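Residue numbers for the sequence shown follow full-length UniProt numbering, so the first one is 1 and each next one is one higher. Data first, discussion second: the structure below is written as structure tokens.
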Amino acid sequence: MKNENVCSENPAFSFDDCLLCDEQENDLDFGCGFGFGLFEQQIQIVKQKAHLFTHFEHDLLWEEDELASLLSKEKNLVSEEGDLFSDRVLLGLRKESVDWMIRVSTHYGFVAMTTILAVNYFDRFLLSDSFQKDKPWMNQLAAVACLSLASKVEEIHTPLLLDLQVEGSKYVFESKTIMKMELLVLSSLQWKMNPVTPLAIFDYTMRRLGLITHHLHSEFMNRCERFALAVVNDSRSLVYLPSVMSTAIMFLVFKEVDPDNSLDYQERFKGFLEINEEKIEECSNFILEVSETQAERALMIHGQFHHLFHLHQNLFSRRIEFRNNK
Numbered sequence: 001m002k003n004e005n006v007c008s009e010n011p012a013f014s015f016d017d018c019l020l021c022d023e024q025e026n027d028l029d030f031g032c033g034f035g036f037g038l039f040e041q042q043i044q045i046v047k048q049k050a051h052l053f054t055h056f057e058h059d060l061l062w063e064e065d066e067l068a069s070l071l072s073k074e075k076n077l078v079s080e081e082g083d084l085f086s087d088r089v090l091l092g093l094r095k096e097s098v099d100w101m102i103r104v105s106t107h108y109g110f111v112a113m114t115t116i117l118a119v120n121y122f123d124r125f126l127l128s129d130s131f132q133k134d135k136p137w138m139n140q141l142a143a144v145a146c147l148s149l150a151s152k153v154e155e156i157h158t159p160l161l162l163d164l165q166v167e168g169s170k171y172v173f174e175s176k177t178i179m180k181m182e183l184l185v186l187s188s189l190q191w192k193m194n195p196v197t198p199l200a201i202f203d204y205t206m207r208r209l210g211l212i213t214h215h216l217h218s219e220f221m222n223r224c225e226r227f228a229l230a231v232v233n234d235s236r237s238l239v240y241l242p243s244v245m246s247t248a249i250m251f252l253v254f255k256e257v258d259p260d261n262s263l264d265y266q267e268r269f270k271g272f273l274e275i276n277e278e279k280i281e282e283c284s285n286f287i288l289e290v291s292e293t294q295a296e297r298a299l300m301i302h303g304q305f306h307h308l309f310h311l312h313q314n315l316f317s318r319r320i321e322f323r324n325n326k
């Protein structure tokens, strides 16, 4: 483990002797003099709002304007991914941090939405003026802060901030430093902590199609979440709006869990969701490509080379089937 004192050149954000400290339960008291009195209340408000989108049991009824609201919110997103794609340093930092957040989420068994939100926060912060890529510790600290914020929004129980820094953390930051970074992230994101994600549209679609009580509901959602998590660490996923990504994923999953009715589901989709079929096919091919690469890597790590031929056959047939059933 590497220990290093870090400081910020930004006078409004100072890190003095902030690495490797003991952490106690009362470290999580947000009224400790850092301006966190309002912080906990805001987190609870955001958590309540976020659950309206992500937890089926809270509200089984949907309103006509919900999808319009999601799509409108999606279109209002300020997309700056071009700046990210043109900067190889930022791309490398993003890959490193997202991989780490996924490992920690797996380590603690976080729900999929926690990881998706953490990556969303990190991507937006990465492109903000507050991110200083010349600071070697900034990337790690931002990743810890974003995952911590996401876990506070989505998880019932969250690890202590020191315990969160596992799975190959290069630096270990003390609690007050992470909380300062959380405030910087929140300020940079303008406290917009409930963005449109593919998972929100999965939720809406399940209710709209009347699948909320369907026997395939659990399997459908699990597979959709796995696809979403499989592509989130690939920066190319930022090219696709959440509605496009979610639709492409759901089309693929429908073919897997209920192939006899997949075409019917797609037609019903077209009745309420704006679908650019060319963009959906492009996104589907991207998802299958990433899934294929990850599956191959996993098989190679476990020495199961003889399964690769069957894997290629399966993924190739998926692509052919998708094109034929468009």
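By construction, the Cβ of each residue, glycine as well, lies at the ideal position given by its N, Cα and C atoms. Every value quoted in this text rests on a predicted model; they were computed, and no experiment measured them.
- Sequence-distant partners of Q140 (beyond 5 residues in either direction) whose C-beta falls short of 7 Å from its own C-beta, in its chain, are S169, K170, Y171.
- Excluding sequence positions up to five before and after S151, its CB lies within less than 7 Å of the CB of F110, T114, T158, all in the same chain and listed in chain order.
- A check of alpha carbon separations from R207 across L189, Q165, P242, F269 identifies F269 as the nearest.
- Judged by beta-carbon spacing, V257 lies within the 8 Å limit of F220, meaning their Cβ atoms are closer than that value.
- In the displayed model, F173 falls within a strand according to three-state DSSP.
- Sequence-distant partners of S130 (beyond 5 residues in either direction) whose C-beta falls short of 6 Å from its own C-beta, in its chain, are L184, S188.
- Contact annotation: F272 and L67 have beta-carbon atoms nearer than 8 Å.
- R94 is positioned such that its CB atom lies no closer than 8 Å to that of E167.
- When the Cα atoms are used, N261 and M250 turn out to be separated by approximately 13 Å.
- Listed in chain order, the non-local C-beta contacts of S148 below 8 Å within the same chain comprise T158, L161, L164, I178, E182, local neighbours out to five positions each way being set aside.
- The beta carbons of A112 and L229 sit about 6 Å from each other, so the pair counts as a contact at 8 Å.
- DSSP places S262 in the helix class (H, G or I) of the three-state scheme.
- It is roughly 42 Å from the alpha-carbon of G92 to the alpha-carbon of G210.
- It is roughly 19 Å from the alpha-carbon of E281 to the alpha-carbon of E225.
- At least 8 Å separates the beta-carbon of I275 from that of L252.
- In the same chain as A143, and ignoring 5 residues on each side of it, the C-beta atoms closer than 7 Å to its own belong to S97, W100, M101, F122, in chain order.
- Residue environment analysis places K192 among the exposed positions, since fewer than 16 neighbouring C-beta atoms fall within 10 angstroms of its C-beta.
- Judged by their CB atoms, V231 and K279 are not nearer to each other than the 8 Å cut-off.
- Going by beta carbons, F125 and C146 fall inside the 8 Å limit.
- Counting of Cβ neighbours within 10 angstroms places V89 among the exposed residues, the total staying below 16.
- In this chain, the alpha helix (DSSP H) harbouring G92 covers 88 to 108.
- Just so you know, the alpha carbons of D234 and A248 end up roughly 16 Å apart.
- Take the alpha-carbon of L199 and the one of Y265: they are about 18 Å apart.
- A straight-line Cα-Cα distance of about 31 Å links V239 and K180.
- Boundaries of the alpha helix (DSSP H) harbouring L199: 198 to 208, taken from the DSSP string.
- Taking all protein chains in view, the Cβ of I201 is crowded by 16 or more other Cβ atoms within 10 Å, so the residue is classified as buried.
- A distance of 8 Å or more separates the beta carbons of T293 and P242.
- Within the same chain, and ignoring the five residues on either side of S291 in sequence, the residues whose Cβ sits closer than 6 Å to its Cβ are A230.
- Annotation: the continuous alpha helix (DSSP H) that includes L229 extends over 217 to 231.
- S246 and L216 have their C-alpha atoms some 18 Å from each other.
- If the five residues before and after L70 are omitted, its C-beta is found closer than 7 Å to the C-beta atoms of V196, A200, I201, Y204, all from its own chain and listed in chain order.
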